[in-house]
Amino acid sequence: MSIIQQATYTHHDVDIQSREHVFKGFVQVEKVSLRHRLFNQTEYTPVIHRELIRRKEAAGVLIYNDQQQKFALIEQFRVGAMNDSISPWQLEIIAGVLDGDESPETCIRRESLEESGCELDHVELLFSFYPSAGACDEIFHLYVAQAELPEEGGIFGMPDEGENIKLHIIHYIDLNLLLQSDRLRNAPVIMALQWLKQHLHTVENV
Numbered sequence: 017m018s019i020i021q022q023a024t025y026t027h028h029d030v031d032i033q034s035r036e037h038v039f040k041g042f043v044q045v046e047k048v049s050l051r052h053r054l055f056n057q058t059e060y061t062p063v064i065h066r067e068l069i070r071r072k073e074a075a076g077v078l079i080y081n082d083q084q085q086k087f088a089l090i091e092q093f094r095v096g097a098m099n100d101s102i103s104p105w106q107l108e109i110i111a112g113v114l115d116g117d118e119s120p121e122t123c124i125r126r127e128s129l130e131e132s133g134c135e136l137d138h139v140e141l142l143f144s145f146y147p148s149a150g151a152c153d154e155i156f157h158l159y160v161a162q163a164e165l166p167e168e169g170g171i172f173g174m175p176d177e178g179e180n181i182k183l184h185i186i187h188y189i190d191l192n193l194l195l196q197s198d199r200l201r202n203a204p205v206i207m208a209l210q211w212l213k214q215h216l217h218t219v220e221n222v
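Each residue of the sequence shown is one higher than the one before, starting from 17 at the first, in the numbering used here.
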């Protein structure tokens, strides 16, 4: 098995010296002191001190419909982008954090109803990944799914959770223009739309 398929080290090669909660809110922050193995050496690093942002697992889904030749994105305010030069209101796929012990698939089905009113057909998992492993332990599960899309968008979300979400229904013919624009500023939506572009290429060549 090549090094690309098999990791050089595992979590057993990390020596946690201490970890301390320094903040608990919508996210949690820990102060961690650790050592880890060095490549091609038997020694460990000196003790390293890091802040770790703890977040729940999340899942998102790109909803599309080949028959309607359309897909759905949402737009909402994001505090992490509040100083964004284009807009703090980000274009995204439908997504949310896992509630309790629910599965990622259950999460996206729930979020789809809350944020678009759409019931998902067959869902497909593309990737599970760390959006920002340099500082955060969140894992994001990225799905795609076909569903019957409304003719027009609308306003959705859970107001008691501070959500104010605008649903956009976009034609396939506008996909390339959107990918070339400066409105896509987060990894899941870029990854999902790149998948959709490849999907459309495959369908056209079948």
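The C-beta atom is built at its ideal place from N, Cα and C for all residues, glycine as well.
For His37, the enclosing beta strand (DSSP E) covers residues Val30 to Lys40.
Bounds of the beta strand (DSSP E) holding Ile90 are Lys86 to Phe93. Distance from the Cα of His52 is smallest, within the candidate group Asn81, Asp31 and Val160, for Asp31.
Of the other Cβ atoms in all chains shown, fewer than 16 fall within 10 Å of the Cβ of Gln214; this residue is therefore exposed. Setting aside the 5 residues that flank it on each side, Gln210 is surrounded in the same chain by Leu195, each with a C-beta closer than 8 Å to its C-beta; the list follows chain order.
Taking 3 residues as the shortest admissible run, the segment 109–166 contains the following complete beta strand (DSSP E) segments, listed from N- to C-terminal end: 110–113, 139–145 and 156–162. For Val77, the enclosing beta strand (DSSP E) stretches over residues Ala74 to Asn81. Gly76 places its beta carbon 7 Å or farther from that of Leu183.
In its chain, beyond the 5 residues on either side, Gln33, Ser49, Leu50 and Arg51 have a beta carbon closer than 8 Å to the beta carbon of Val63. Taking 8 Å as the upper bound for CB-CB distance, Ile109 and Leu136 are not in contact here, some 12 Å apart.
Within 10 angstroms of the beta-carbon of Gln106 lie 16 or more other beta-carbons, which makes it buried. Under DSSP, Val63 takes part in no beta bridge, so it has no partner.
Per DSSP, Gln21 is not a residue of any beta strand (DSSP E), being assigned neither H nor E.
With respect to the 7 Å criterion, Asp190 and Ile102 are not classified as neighbours on the basis of their beta carbons.
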